[in-house]
Each structure stands twice: as structure tokens, then as C-alpha cells.
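Take 720 as the starting number for the sequence shown in the working numbering and just add one per residue.
What follows is one structure encoded as C-alpha cells, with my remarks underneath.
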Amino acid sequence: MKKILWFTVLLFLFTGMTFAGQQWQVDKAHSSVEFTVDHVVTLQPVTDGKELMTVGITRGKFTDFDFTFTSGDADFSNSRVEAKIRVESIDTGHETRDHYLKSEEFFDPQRYPWITFKSTAFEKVGENRYKIRGDLTIKGITRPVELQATLNGNTVNEAGQKYVSFTATGTINRFDYGLHWSDLLEKGAFRISSYVNLIIQANLIEANQGS
């Protein structure tokens, strides 16, 4: 009986340790980096974009990206994540708008080709819920951000590989990174919100399994 008990304990510990420090690679076919920005209207002066009335939404995505994920504890708390996104891969489904976003006046990808994120904390805050804090760098400007993440699933795929899925959301102020439209779209009655909503889908496969 004691041998069975000790074997069970060791098996539990070993199972937990297989996640600690494990590297995961992104399944790009089932992952995405998306964003939305509100079109807003005001008939009186305001100082905070959140006070404006939304009259439309622009949706966009980045198609070239990579994530580096290192799991921490068995429940994924204390994990580490880094992301690298190619600015030139932005796509809002509107050629003229995308051309401006890729111009020197906005993202300036010739000087700043990458958006990067590096986590500083990965905290479990509830069942399958996490708070991720980290540093986001856009146009050479680094600011702390906070993301809310949900663990959608943790399983083994048809190839026998460990597979995990997270969805993370957050909001940033584009003015913090020097991202400005024309005066007409920033100060007129109809304008683009300064707040950008982020939606990241990260499906990850355990790397180097069996090595």
C-alpha cells in the first residue's frame, strides 16, 4: 500500500514538473493577433476618448508574428511569454488605410519594423483566468501593459503533443506610443478613438517533446 502511495505521489510530482520550464511553440494556423478601434463622435469638447459615442468599429490584424512561451508552475502561473509582431503585416481590409498605417507618419516600419512584448508577471487570478503584466514596445517606446488571459484548454492533440490554448485581451492608448492620425481625425467631431482593444489568440504546442 505504501509503495502504491509513494508511486502516486512521485507520478503527480513528475507530471507537474513536465510543465515547469517547458518551451512551447506557436501553432500559427490557429493563432491570431487582432485589434479593434472605435470610430467616435462628439458635439462638445471632451478630454477622454472613453466619453465619446461610438458610431463604428475598425477591425484589423497582424499576419506575421511569433510567440515564445515558457511554462512556469503546473497551473501555468509564473510562466513567461514574449511576442514579436511585424508591423508591415498589418491588415485592416482597406488598402488606403493600411498604406497610411505603414507610412512614416504612423507606424514608420522602416525605422521600427517590430512590435514586441515581454512579460514581467504571469499571475493566476481565478479558475482558468490569468493576469499578464509586461512591457510593450511600439515605435521604440516601451510602456507597461496589463492583459487578461483565459486558459481555453490544455490537452494532447492527435499527434500526441501537449497542446494549450490561451486568449488574452487588453486595451492600450495609442497616444502613449506616438501613433497619431491627421488633425481632422483627432480633433474633429468625427474622430478615431485613442484606445485600441487587443485580442490575442495563442495556441501553443509543446516543443522538443521526447528530446
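Idealized CB from N, CA, C, for every residue including glycine.
List the DSSP bridge partners of residue i.
i, result
"Y882", "T874, I924"
"D785", "K803"
"Q867", "K850, T888"
"N797", "Answer is none; N797 lacks a bridge partner."
"Y914", "N892"
"Q744", "T787, I924"
"S838", "G853"
"D757", "I776"
"W900", "Answer by DSSP bridge pairing: none, since W900 is not bridged."
Quick one: what's got a C-beta closer than 7 Å to residue i's C-beta in the same chain, skipping five residues either side?
i, result
"V844", "K850"
"D810", "G779, K780, T782, D817"
"Y819", "F825"
"P828", "V806, E807, K821"
"W900", "I911"
Per DSSP, what kind of secondary structure is residue i in: helix, strand or coil?
i, result
"E824", "coil"
"H813", "coil"
"D895", "helix"
"K858", "coil"
"S751", "strand"
Can you give me the Cβ contacts of residue i inside the same chain, cut-off strictly under 8 Å, excluding the 5 residues immediately before and after it?
i, result
"L732", "Note that L732 scores a pLDDT of 40, beneath 50, so its modelled location is shaky; the value from the coordinates is reported in the next line. Excluding sequence neighbours, L732 sits near nothing in its chain."
"T789", "G740, Q741, Q742, W743, S798, R799, V800"
"D794", "K843"
"S796", "F841, E842, K843, Y849"
Going along the chain, which residues of its own chain have a beta-carbon closer than 6 Å to the beta-carbon of residue i, five neighbours each way excluded?
i, result
"N876", "Y882"
Legend entry - Validate contact between the segment 831-846 and the segment 797-809 using beta carbons, cut 8 Å, 3 pairs: yes
Legend entry - Meets three-Cβ-pair contact criterion under 8 Å: the segment 848-866 and the segment 811-821: no
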